[in-house]
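Colleague: My questions will all concern the structure given below.
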Amino acid sequence: MKEQKMPLGLYIHIPFCAQKCAYCDFYSLPHAEGKMDEYVRAVSAHLAEVAPRAAQHIVDTVYFGGGTPSYLGPKRLKALLSSVQKHYVLSKDAEITLEANPDSAGDWRALRTLRRAGFNRISLGMQSSIEGELRAVGRIHTFEQVRAAVDAARKAKFKNVSLDLIYGLPEQTMESFSASLRAAVALEPEHISCYGLKLEEGTPLYTARNTFSAADDDLQADMYLFAVSFLQEAGFAQYEISNFARPGFESRHNLKYWTLSEYAGFGPGAHSDFGGVRYSFDRDLDAYINGALRGGQMPMECEDLPAWTRDTEYLMLTLRTVRGLNPRAFENMFRQRFAPFLPLLERYEALGLAARSTDNTWHFTPRGFLVSNTLIGELLDALSSEKQRRFDATARGDYIVRT
Ligand code: SF4
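Counted from 1, the sequence shown has number 62 at position 10 by our numbering; the numbering is strictly sequential.
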């Protein structure tokens with residue numbers, strides 16, 4: 053009988069950017085171009101080292117994220133992808149994504165080289181079509197460069213292009229946000245992500261937070277609900293809180309994160325959930341290179357998490373998706389009753405915050421997604437009360453089977 057291989061996603065972090073954006077909390081370094089070649093050697097060595105652990109897996113998604121992967125240039129990106137192809141079994145229809153900034157993705161010949169090497173999806177950080185909004189958060193590209201990058205991707209025959217947008221930018225209004233949405237849809241991408249701006253402590257934008265007018269919670273909520281219905285009408289179905297796609301173009305890699313599927317990450321700051329262990333490498337480029345190339349210690353955090361202990365995580369992540377939380381799957385995976393959640397879910401349904409599909413799978417509505425942190429918090433409280441009840445019952449001996 054043919055051996056069944058398990059699916060695996062690979063995430064490769066590229067921690068380089070031409071300039072740091074004012075709101076950015078990702079691990080990315082400006083002015084570190086001098087380390088790019090050594091970094092490519094380090095990740096290639098690390099990919100080869102981890103590969104034997106993935107011998108029973110088939111890689112069906114590869115995601116180059118950052119940072120700015122396109123800033124690395126086609127030669128280095130090709131070298132990294134060929135390390136993946138050399139050391140891992142890749143499925144024929146693997147989704148291979150390149151995150152790109154519009155200012156470093158306008159050369160269609162470079163994109164054609166990458167497409168021919170195997171990349172088949174490009175995710176462009178558009179963020180806004182309004183120049184003033186882009187400048188206010190330190191983005192170095194223009195909207196014209198977004199248009200040029202999409203044209204270049206099409207000319208290079210990419211059939212799967214995604215655009216990222218941000219709502220809640222400094223001085224952004226409902227009108228300017230809807231103009232950005234219209235401009236994004238006019239570029240005819242297959243996928244759009246729409247994230248609310250978060251002011252992360254320690255970023256320049258956080259420090260300057262009193263010097264600009266930021267969208268308050270109500271305006272952000274209006275922008276979000278507007279985006280959901282506008283994109284829906286334009287043919288982009290919502291499949292996760294912040295993600296919308298034409299049919300068949302949902303990000304298969306990102307879906308892995310929300311469904312507890314396995315993925316292995318490479319690079320400083322990259323996370324993995326692989327072989328029942330969750331681990332992440334420290335945000336330290338030099339330590340990572342030293343560990344991968346010279347046998348030094350690669351600083352990391354590790355957590356052993358057998359599948360049956362992941363009920364909390366499963367609940368939180370599946371409820372981010374429009375597919376939602378299926379009672380039978382939950383009961384089978386965690387040997388726990390779903391009933392304690394029902395009163396809450398039915399209340400959310402009555403309030404228009406949740407709905408159930410014909411197979412009784414529960415999911416949040418767009419209004420529910422807006423307050424999902426609160427709703428999930430309440431569901432997690434119900435889960436821990438149920439666990440306590442079971443613990444007390446076991447302690448009393450209620451569950452002892454007498455023969
Ligand atoms: S391009 Fe992306 S990763 Fe780089 S600084 Fe800007 S937000 Fe951060």
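Ideal Cβ placement from N, Cα and C applies to all residues, glycine included.
#1: Beta-carbon separation of Ala106 and Tyr63 under 8 Å?
#2: What is the rounded straight-line gap between the Cα of Ala406 and the Cα of Tyr400?
#3: For Thr373, count neighbouring Cβ atoms within 10 angstroms of its own Cβ and tell me buried if that reaches 16, exposed if not.
#4: Return yes when at least one heavy atom of the ligand SF4 lies under 7 Å from the C-beta of Ser73, else no.
#5: State buried or exposed for His65, treating a residue as buried only when at least 16 other CB atoms are found within 10 Å of its CB.
#6: Can you give me the C-alpha to C-alpha distance between Asp145 and Ser265, rounded to a whole angstrom?
#7: With distances taken between CB atoms, is the gap from Met350 to Phe278 smaller than 8 Å?
#8: Can you check which of these residues, Ala339, Asn306, Ile341, Asp338, is closest to Ser324 by C-alpha distance?
#9: Do you know whose CA, among Leu217, Arg164, Phe296, Ala188, lies nearest Ala204's CA?
#10: Using three-state DSSP, classify Lys138 as helix, strand or coil.
#11: Pull up the distance between the alpha-carbon of Leu60 and that of Arg362, whole angstroms please.
#12: Could you compute how far the alpha carbon of Ile182 sits from the alpha carbon of Gly317?
#13: If you follow the alpha helix (DSSP H) that Lys423 is in, where does it begin and where does it stop?
#14: Chain C beta carbons: is any one of them nearer than 8 Å to that of Glu242?
#15: Thinking C-alpha only, which one of Leu367, Leu427, Ala208, Arg387 is nearest Arg442?
#16: So Val136 and Leu129 are supposed to be a Cβ contact under 8 Å. How far apart are they, rounded?
#17: Gly119 and Phe171: beta carbons closer than 8 Å?
#18: Would you say Ala344 and His98 are within 8 Å of each other, going by their C-beta atoms?
#19: Who are the Cβ neighbours of Asp274 in its own chain at under 8 Å, not counting the five residues just before and after it?
#20: Buried or exposed: Lys308, going by 16 or more other Cβ atoms within 10 Å of its Cβ?
#21: When burial is assigned at 16 or more other CB atoms within 10 Å of the CB, is Arg191 buried or exposed?
#22: Restricting to Cα atoms, I'd like to know which of Leu337, His243, Pro379 is closest to Leu215.
#23: Would DSSP call Phe116 helix, strand or coil?
#24: Using 8 Å for Cβ pairs, my map puts Leu217 next to Ala236. What's the rounded Cβ distance?
#25: Spatial neighbours of Val453 within its chain, please: C-beta separation below 6 Å, excluding the five flanking residues on both sides.
#26: How far does the beta strand (DSSP E) with Phe278 in it extend, from its first residue to its last?
#27: Measure the CB-CB distance between Gly376 and Trp414 and report whether it falls below 8 Å.
#28: Taking 8 Å as the cut-off, decide whether the C-beta atoms of Gly404 and Arg419 are in contact.
#29: Whole angstroms is fine: what's the gap from Glu252's alpha carbon to Val198's?
#30: Nearer than 7 Å: is that true of the beta carbon of Ser80 relative to any heavy atom of the ligand SF4?
#31: State yes or no: is the C-beta of Thr255 within less than 8 Å of the C-beta of Tyr123?
#32: Just to confirm the assignment, what range does the alpha helix (DSSP H) spanning Ile341 have?
#33: Leaving out the 5 sequence neighbours to the left and right, which residues in its chain are closer than 7 Å to Pro67 when beta-carbon positions are compared?
#34: I need the straight-line Cα distance from Ala391 to Gly220, nearest angstrom please.
#35: So, for Ser245: in the same chain, excluding its five sequence neighbours on each side, which residues have a beta-carbon less than 6 Å away from its beta-carbon?
#36: For the alpha helix (DSSP H) holding Ser228, just list the boundary residues, first then last.
Modeller: So, to answer that:
#1: Result no, Cβ atoms of Ala106 and Tyr63 do not sit closer than 8 Å.
#2: When rounded, the separation of the alpha-carbon atoms in Ala406 and Tyr400 is 5 Å.
#3: Counting other Cβ atoms within 10 Å of its Cβ, Thr373 reaches 16 or more and is therefore classed as buried.
#4: Sequence check: residue 73 is Cys here, not Ser. Cys73 has its CB nearer than 7 Å to a heavy atom of the ligand SF4.
#5: Label assigned to His65: buried.
#6: Approximately 46 Å between the Cα atoms of the pair.
#7: Contact flag unset, no.
#8: Comparing alpha-carbon positions, the option among Ala339, Asn306, Ile341, Asp338 lying closest to Ser324 turns out to be Asn306.
#9: Ranking Leu217, Arg164, Phe296, Ala188 by Cα distance to Ala204 puts Arg164 first.
#10: Note: Lys138 maps to helix in three-state DSSP.
#11: Each residue's Cα considered, the two are about 19 Å apart.
#12: In a straight line, the C-alpha of Ile182 is about 34 Å away from that of Gly317.
#13: First, the amino acid is wrong: residue 423 is Val here, not Lys. In the DSSP annotation of this structure, Val423 is not part of any alpha helix (DSSP H), being labelled neither H nor E.
#14: Note that chain C does not occur in the displayed structure, where there is just one protein chain.
#15: Among Leu367, Leu427, Ala208, Arg387, the Cα nearest to that of Arg442 belongs to Arg387.
#16: In this structure Val136 does not touch Leu129 by the C-beta definition: roughly 11 Å separates them, more than the 8 Å allowed.
#17: Their beta carbons are not under 8 Å apart, which means Gly119 does not touch Phe171 by this criterion.
#18: Going by C-beta atoms, Ala344 is nearer than 8 Å to His98.
#19: Same-chain partners within the cutoff: Met226.
#20: Using a 10 angstroms sphere on the CB of Lys308, the tally of other CB atoms reaches 16 or more, which defines it as buried.
#21: Burial call: buried.
#22: The shortest CA-to-CA distance from Leu215 to any of Leu337, His243, Pro379 is the one to His243.
#23: DSSP places Phe116 in strand when its eight states are reduced to three.
#24: The C-beta separation of Leu217 from Ala236 comes to about 6 Å, placing the pair in contact by the 8 Å criterion.
#25: Residue placement at Val453 is flagged as unreliable, the pLDDT there being 48, under the threshold of 50; a coordinate-derived value is accordingly withheld.
#26: Note, Phe278: premise wrong, no beta strand (DSSP E); alpha helix (DSSP H) at 269-285.
#27: With contacts defined as CB atoms closer than 8 Å, Gly376 and Trp414 qualify as a contacting pair.
#28: A contact, by the Cβ cut-off of 8 Å.
#29: Between Glu252 and Val198, the C-alpha separation is close to 26 Å.
#30: For the ligand SF4, at least one heavy atom lies less than 7 Å from the Cβ of Ser80.
#31: No, the pair does not count as a contact, with Cβ atoms beyond the cut-off.
#32: Element bounds for Ile341: 337-346.
#33: Excluding residues within five positions, the ones whose Cβ falls inside 7 Å are Tyr79, Ser80, Leu81, Gly118, Gly119, Gly319, Pro320, Gly321, Leu337.
#34: If you take the alpha carbons of Ala391 and Gly220, they lie about 38 Å apart.
#35: Same-chain partners within the cutoff: Asp216, Ser294, Asn295.
#36: It spans 226-238 - the alpha helix (DSSP H) in which Ser228 sits, taken as one unbroken run.
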